[in-house]
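Residue numbers (this note's numbering), protein chains in the order written: chain A, 14 to 216; chain B, 14 to 216; chain C, 14 to 216; chain D, 14 to 216.
Cβ coordinates follow ideal geometry from the N, Cα and C atoms, glycine included.
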DNA sequence: CATGAATGAGATTTCATTCAT
DNA sequence: AATGAATGAAATCTCATTCAT
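Take a look at the structure:
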């Protein structure tokens with residue numbers, strides 16, 4: 014069926030990425046064979062290889078695409094008015110994480126991408142890109158914390174970002190590995206530590 | 014009536030684990046072949062397989078052992094007197110991380126172990142064990158924060174632990190993937206957020 | 014009632030053969046993919062397969078056609094008057110070889126066709142046909158050598174042909190593989206061995 | 014069965030090369046799959062790959078080894094006393110060729126190696142080496158032809174070598190592709206062309 | 001106890017060919 | 001007539017593991 018539309022091509026690409034994401038979330042990059050991706054995507058080997066030159070290229074495309082949505086959610090949240098408290102922000106994030114951490118969920122790819130970055134020079138590049146992009150959102154947020162007076166005017170924004178960003182991987186790992194914490198708990202903990210804007214905090 | 018002493022056996026085991034740790038830190042669990050472990054350990058295939066039934070068993074043994082030292086450092090620190098501030102504590106941790114993040118360093122195994130846990134049911138067990146053990150240290154620390162009055166008496170210790178523990182994976186990932194942050198910066202950021210015990214904090 | 018003219022069909026066929034010849038000369042029959050032929054010929058897969066049933070059919074068509082031109086050159090030369098000396102004849106051949114041995118040149122197909130003939134029964138047929146046709150020219154030439162008295166009247170023409178024909182593959186292989194000999198050198202060597210008609214030969 | 018002797022290793026290597034030679038002679042380099050070599054050699058994939066890093070390495074080893082014997086035969090012949098006539102020399106060669114041209118014979122590798130050299134840069138190196146080594150024997154022979162007075166003292170030995178060497182590939186190709194000529198015929202043809210030392214030649 | 005040669009299933013990728021549009 | 005997306009068999013090579021010596 015040649016002469017197909019650009020949409021058709023894009024749909025196929027997405028079909029492959031969707032299948033790969035499910036497989037990778039379930040079994041990881043290494044233990045997922047290409048054969049499983051063929052099966053899951055209902056496509057033949059040749060078809061998949063028409064859209065992606067290699068397994069690594071699929072991984073790269075997924076890594077690039079996966080964090081986009083989470084970043085967008087963060088951007089929306091930190092730009093809302095009034096500025097959300099840290100507890101409110103991490104709650105949004107944590108809820109996103111919980112919602113996308115099912116057995117097939119894309120959040121499960123994050124730790125795998127981090128691990129891959131340590132071992133694969135090319136992967137390191139794009140994973141780093143995704144992490145830096147995410148950190149930029151946090152930097153923006155910390156900047157606004159200063160603006161609203163929650164942090165002193167002379168705050169080292171970079172330093173605070175370095176610290177505060179940890180809430181996110183901290184929650185992801187606890188949720189995925191231990192399983193227990195819920196957004197509510199995390200938000201309560203953050204509210205205790207950083208009681209900005211709380212009614213009667215830090216007497 | 015063993016021909017060789019128990020020490021000998023233990024020495025061999027450690028020799029293999031040391032070699033494996035170097036290899037895994039460099040290339041990851043999957044891209045390290047057993048052959049590389051044989052070479053790095055100066056042992057033959059048969060010898061290695063006498064001490065470990067499979068590659069997975071080596072991975073398991075390493076994943077179980079890797080965080081031992083870091084946990085010990087944490088325990089020492091949080092039990093020291095007077096109680097270190099959060100900034101002081103994360104600085105100790107971050108310095109340990111930096112010191113053990115070289116191309117061969119055991120800290121590089123941590124993200125790989127996290128990823129493995131998501132994909133391998135058996136691994137999930139012992140990685141979870143290590144993470145829980147680590148979290149127990151943080152729980153102890155948060156408890157002491159309440160004791161010294163940095164946090165209210167009615168603090169939800171579990172919730173605060175869930176939040177504060179994030180500083181550690183946050184720093185590990187930033188350091189390993191982006192490369193830039195140093196313990197000094199992290200400590201400054203934490204001190205800004207949690208200025209307990211700081212000379213002239215939060216006027 | 015064909016929609017397109019016979020010329021059109023023939024033109025397409027030739028377009029494909031030309032492209033294939035370039036590809037095969039560069040990379041050989043096996044390492045040339047059909048895709049490369051599609052690209053080189055600016056035709057689609059479907060189009061090429063309309064004119065040739067298979068890759069083997071393209072190879073066959075080319076192998077059959079490649080030596081046509083060289084045979085024609087030989088025919089012209091050996092029928093010229095006066096009869097060229099062996100040295101003169103091989104010089105003509107060698108010059109043709111050199112002129113058509115560029116990275117794309119059709120002469121590069123000859124050794125590949127010889128190799129193919131050893132391995133592929135069908136190919137063996139038409140390669141043999143081409144070789145026999147070429148040998149017929151040499152037989153004709155040797156016959157004329159006898160006629161002009163360079164060889165005894167009772168010469169075993171078949172035997173001499175068997176021997177003298179070797180100058181051609183000898184030169185082709187040396188030229189393609191080693192690269193050095195030039196027509197001049199070959200002609201001088203042949204003139205030394207077979208000094209018929211040379212001004213002051215073989216005192 | 015570790016700790017095996019060097020002979021054992023050498024035997025295995027040869028076992029693989031022997032199997033490969035049979036396969037390649039029958040089906041050619043490209044149409045022989047590694048699986049066929051495994052089967053023919055009664056070895057597993059892993060075993061073969063312990064001795065040769067790749068299929069190309071097997072081809073290379075064979076190409077290097079195959080002409081050794083023929084070269085040795087030539088050397089013996091051209092150094093014998095009295096100096097053989099060209100007809101005698103080519104007869105020896107042709108007999109060797111016929112004896113080793115069976116369906117499995119190593120001579121069948123020669124045209125394949127020539128073709129490979131045109132297409133594979135690395136192969137070009139060692140095939141060229143083999144061809145040059147062979148040509149060196151002919152150069153030596155032509156030198157001796159001059160010494161015994163069959164050729165003038167001022168003969169361009171290189172040029173004559175370039176020409177005379179052709180008898181060999183000429184016979185190989187005719188024998189393998191057409192099938193008919195026998196050493197006897199070739200020798201008669203050469204004797205007619207180059208009647209040195211013949212009882213009553215060239216009246 | 002130690003060795004390391006051997007196994008063989010399985011991984012990724014390619015490619016000639018087909019056929020719906 | 002032409003397109004080119006899709007097929008799926010097959011190819012090369014790797015690697016955890018075993019066991020005769």
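The Cβ atoms of residue 118 of chain A and residue 132 of chain B do not sit closer than 7 Å to each other.
With contact defined as three or more Cβ pairs closer than 8 Å, the region 134-144 of chain B and the region 25-43 of chain C are not in contact. Contact annotation: residue 123 of chain D and residue 129 of chain D have beta-carbon atoms that are not nearer than 7 Å. The Cβ atoms of residue 180 of chain C and residue 103 of chain C lie closer than 7 Å to each other.
Under the three-state reduction of DSSP, residue 166 of chain A is assigned to coil, being neither helix nor strand. In terms of Cα proximity to residue 108 of chain D, the closest of D/125, D/90 and D/96 is D/90. B/116 is the residue among B/199, B/191 and B/116 whose C-alpha sits nearest the C-alpha of residue 35 of chain B.
Here the region 180-199 of chain D makes contact with the region 167-183 of chain C; the two share three or more CB pairs at distances below 8 Å.
Residue-level contact by beta carbon fails for residue 105 of chain B and chain A, as no gap is shorter than 7 Å. Excluding its 5 nearest sequence neighbours in each direction, residue 73 of chain A has C-beta neighbours in its own chain below 8 Å: 135, 136 and 139, listed in chain order. Of the other Cβ atoms in all chains shown, 16 or more fall within 10 Å of the Cβ of residue 188 of chain A; this residue is therefore buried. Burial is judged here by how many other beta carbons sit within 10 angstroms of a residue's own beta carbon; residue 183 of chain A has at least 16 and is buried. Taking 7 Å as the cut-off, the Cβ atoms of residue 53 of chain D and residue 32 of chain D count as close.
Contact of residue 199 of chain B with chain A by beta-carbon distance below 8 Å involves 172, 175 and 176. In chain A, no part has a C-beta under 7 Å from the C-beta of residue 134 of chain B; the shortest such distance is about 11 Å. The continuous alpha helix (DSSP H) containing residue 64 of chain B extends over residues 58-64. Looking at the backbone, the Cα of residue 88 of chain A and that of residue 121 of chain A are separated by about 21 Å. Residue range 180-186 is occupied by the alpha helix (DSSP H) that includes residue 185 of chain B. Taken atom to atom, the span from the alpha-carbon of residue 206 of chain C to that of residue 164 of chain D is near 8 Å. Not flagged as an interface residue toward chain A: residue 72 of chain B, since no C-beta distance is shorter than 7 Å. The beta carbons of residue 51 of chain C and residue 58 of chain C sit closer together than 7 Å.
In the three-state reduction of the DSSP assignment, residue 149 of chain D falls in the helix class. For residue 171 of chain B, the three-state secondary structure derived from DSSP is helix. For residue 125 of chain B, the closest Cβ of chain A is nearer than 7 Å. Of the residues assessed, residue 46 of chain C falls on the exposed side of the cut-off, its CB having fewer than 16 other CB atoms within 10 angstroms. Around residue 109 of chain C, no beta-carbon contact reaches into chain D at under 8 Å, the shortest distance being about 16 Å. Residue contact check for residue 169 of chain B against chain A: a CB pair falls below 7 Å.
Taking a beta-carbon distance threshold of 7 Å, residue 182 of chain C counts as an interface residue toward chain D. Taking 8 Å as the upper bound for CB-CB distance, residue 100 of chain A and residue 204 of chain A are in contact here, some 4 Å apart. Taking a C-beta distance under 7 Å as the contact criterion, residue 75 of chain D and residue 157 of chain D do not qualify as a contact pair. Annotated as proximal: residue 148 of chain B and residue 178 of chain B, with beta-carbon spacing under 7 Å.
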